[in-house]
Amino acid sequence: MDRIIGIDYGKVRTGVAVSDPLGIFASPLDTVPTANIIDYLQKYVLSGERITRFVVGYPLELNGRPAGNAAGVDAFLKRIGAAFDGVPVTLEDERFTSVLAHRAMIDGGMKYSRRRDKSSVDRISAALILQGYLDRTKGND
Numbered sequence: 344m345d346r347i348i349g350i351d352y353g354k355v356r357t358g359v360a361v362s363d364p365l366g367i368f369a370s371p372l373d374t375v376p377t378a379n380i381i382d383y384l385q386k387y388v389l390s391g392e393r394i395t396r397f398v399v400g401y402p403l404e405l406n407g408r409p410a411g412n413a414a415g416v417d418a419f420l421k422r423i424g425a426a427f428d429g430v431p432v433t434l435e436d437e438r439f440t441s442v443l444a445h446r447a448m449i450d451g452g453m454k455y456s457r458r459r460d461k462s463s464v465d466r467i468s469a470a471l472i473l474q475g476y477l478d479r480t481k482g483n484d
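Converting from the sequence shown to the numbering used here requires adding 343 to each position, the first position being numbered 1.
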């Protein structure tokens, strides 16, 4: 089935989210050590899923300039482009996704001990990044 993958790239961990086959909803999928992210995605494809697009969170300052880990994301974009030739990559503004992820965990009733797990924040952030893309492009893709 066709899927769009959302990615919240980090220096240590990378959050991954996936769309439903219709491209309406994003769901958190996993948090992967960043060193293993390309292998993880390749195994995902081998499981029978077809990736039609990657949506990668891009760190920006409030003024719109690249921030924080932008250089790391840029290097990752080259790696993912080489590993998945022909699969389009869209950059999505990731400002405030961690804050929104924490808010979603609190609103969802997640216990404090689970909210402290940074891998939960990473995969929820990836889902927020992907959902933002899906909402913005409804019917345009």
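Glycine included, every Cβ here is placed at the ideal spot set by N, Cα and C.
Predicted model only: the values in this text are computed from it and were never measured.
Nearest-angstrom Cα distance between residue i and residue j?
i	j	result
Y352	V399	7 Å
A360	T433	14 Å
A414	E437	15 Å
R346	V355	25 Å
T480	D363	15 Å
K386	V416	21 Å
D428	F397	12 Å
S463	P402	19 Å
L389	D465	24 Å
T357	D373	8 Å
I381	N406	31 Å
Y383	G391	13 Å
Which first and last residues belong to the alpha helix (DSSP H) in which residue i is found?
i	result
A414	A413 to A426
I380	I380 to L389
From what residue to what residue does the beta strand (DSSP E) around residue i run?
i	result
Y401	R393 to Y401
I367	Here I367 belongs to no beta strand (DSSP E), and DSSP marks it neither H nor E.
E435	V432 to D436
G349	D345 to D351
Throw me the rounded Cβ distance for the residue i and residue j pair, which I believe falls under 8 Å.
i	j	result
I350	A469	6 Å
I348	I394	5 Å
### Message
Across the segment 468 to 479 and the segment 365 to 375, are there enough close Cβ pairs to call them in contact, namely three or more that are closer than 8 Å?
### Response
As far as the Cβ criterion goes, the segment 468 to 479 touches the segment 365 to 375, which means the pair count is three or higher.
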